[in-house]
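In the UniProt record's numbering, the protein residues as written are 1 to 91.
This report refers to the structure that appears directly beneath it.
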Amino acid sequence: MRKGFLCLVAVMDWAIRRGLAWRLSNTMEVDYCIEALEEAIGRQGRPEIFNTDQGCQFTSPRFTGMLMEAAVRISVDGRGRWMDNVIIERL
Numbered sequence: 001m002r003k004g005f006l007c008l009v010a011v012m013d014w015a016i017r018r019g020l021a022w023r024l025s026n027t028m029e030v031d032y033c034i035e036a037l038e039e040a041i042g043r044q045g046r047p048e049i050f051n052t053d054q055g056c057q058f059t060s061p062r063f064t065g066m067l068m069e070a071a072v073r074i075s076v077d078g079r080g081r082w083m084d085n086v087i088i089e090r091l
């Protein structure tokens, strides 16, 4: 990409520290996050808990609704709490 930024979303299983799915996007829309989530669930099955940061994609009604519909508990990191998400941040 000549100018601008790309956004990376990765879904990781913390227990085995393995990436399950990832997507890149040049927008901040939620679609690429949902695609990665669907792929991860398809590969690994429904998780008990899904942890995210406070990004607008992860707090959107579409994303949280998908998790609630699948009976997945939602865990959101505290503001400025980079240590809460250190495993994925090191990806």
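Using N, Cα and C, we set each Cβ at its ideal position, and we do this for glycine too.
Owing to the predicted nature of the structure, the values given are computational and were not obtained by experimental measurement.
For Asp13, DSSP records a beta bridge to Arg18. DSSP places Thr52 within a strand segment (E or B) once states are collapsed to three. Taken atom to atom, the span from the alpha-carbon of Glu35 to that of Lys3 is near 25 Å.
Shown here, Leu37 sits in a helix according to DSSP, grouped into three states.
Put simply, the backbone Cα of Ala71 is about 30 Å away from that of Asn26. Here Leu8 is near Trp22, since their CB atoms are less than 9 Å apart. Ranked by Cα distance from Gln57, the options Arg17, Asp31 and Trp14 are led by Asp31. The distance from the Cβ of Met12 to that of Leu20 is about 6 Å, consistent with a contact at the 8 Å cut-off.
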